[in-house]
Amino acid sequence: MPAQRADARRNYARILAVAEEEVATHGADASLEQIARTAGVGSATVRRHFPTRRALLEAVFRERIESLATRARELAEADDVRAALLDWLGALTVYSATVQGLATALLRDGELDPEHANPCVNTLAEAGEPLLRRAAQAGAVAPGVTPVDLVTLIAGIALATQHHPDPATEATRLLRLTVAGISPRG
């Protein structure tokens with residue numbers, strides 16, 4: 001693949017920076033036209049860099065998703081795998097509940113769709129799988145729970161709390177209620 005021209009790299013960076021601000025303010029439905037205007041580029045330029053809204057959202061959240069994935073990989077070797085899993089799920093829950101648009105980015109047309117690749121979900125699921133596997137082996141998680149199940153639960157909690165006055169606190173409370181269903185040791 002040929003290297004991007006300097007102006008194309010600048011446009012990409014400017015569009016992404018504006019998109020991050022717009023998504024933080026307006027959520028996943030932030031206007032692509034407004035993003036283009038604020039970035040000082042045409043709508044076609046935005047679409048050339050981000051052919052779909054989903055592609056733009058995935059780029060907006062990529063860095064934090066990678067950070068959460070790194071945290072899961074670090075926790076995978078913890079002695080107390082149940083506490084480690086809950087630590088990671090807590091961090092994912094708080095972030096998902098407090099950042100507008102992330103839960104929508106995790107979903108495809110209102111649900112997680114394993115038939116279609118979603119880089120946000122794939123990154124989180126792949127990183128969380130060793131942590132979940134160890135927790136399952138230790139009996140800290142009910143058999144059959146998958147990483148995608150956990151991401152689905154977190155996305156649902158984030159969507160359920162997005163209009164709450166304190167979404168992080170409410171999401172954390174709902175996660176604790178959910179844990180009783182995925183972790184037999186309560």
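Be aware that the sequence shown starts at 1, since it is given in UniProt numbering, and climbs by one per residue. No residue lacks a Cβ here, since even glycine has one placed at the ideal position from N, Cα and C. The structure displayed is predicted, hence computed values, not measured ones.
- Remark: fewer than three beta-carbon pairs, one from each stretch, lie closer than 8 Å, so the region 62-76 and the region 28-45 are not flagged as touching.
- DSSP, reduced to helix, strand and coil, places D80 outside both helices and strands of the structure shown, so it counts as coil.
- Look at F50 here: in three-state DSSP terms it is coil, with no helix or strand label.
- Given a length threshold of 4 residues, each whole run of the alpha helix (DSSP H) inside the region 17-78 is given here in chain order: 32-39, 43-49 and 53-75.
- With fewer than 16 other Cβ atoms from the protein chains shown falling within 10 Å of its own Cβ, H163 counts as exposed.
- Between the alpha carbons of N118 and L106 lies a gap of roughly 7 Å.
- Per the Cβ contact rule, the region 79-90 is not in contact with the region 23-31 (fewer than 3 Cβ pairs under 8 Å).
- Relative to the Cα of V18, the nearest Cα in the group R37, S96, R5 and V141 belongs to R37.
- In the three-state reduction of the DSSP assignment, N118 falls in the coil class, being assigned neither a helical nor a strand state.
- Counting C-beta atoms within 10 angstroms of its own C-beta, G128 has 16 or more neighbours from the protein chains shown and is therefore classed as buried.
- For Q34, the CB contacts under 7 Å within the same chain, skipping 5 residues up- and downstream, are E22 in chain order.
- Each residue's CA atom was taken as its position, placing D166 and A160 some 12 Å apart.
- Remark: C-beta atoms of A158 and A97 approach each other more closely than 8 Å.
- For the pair L32 and L89, the CB atoms are not nearer than the 8 Å cut-off.
- In the DSSP assignment, G156 falls within the alpha helix (DSSP H) that extends over P147 to T161.
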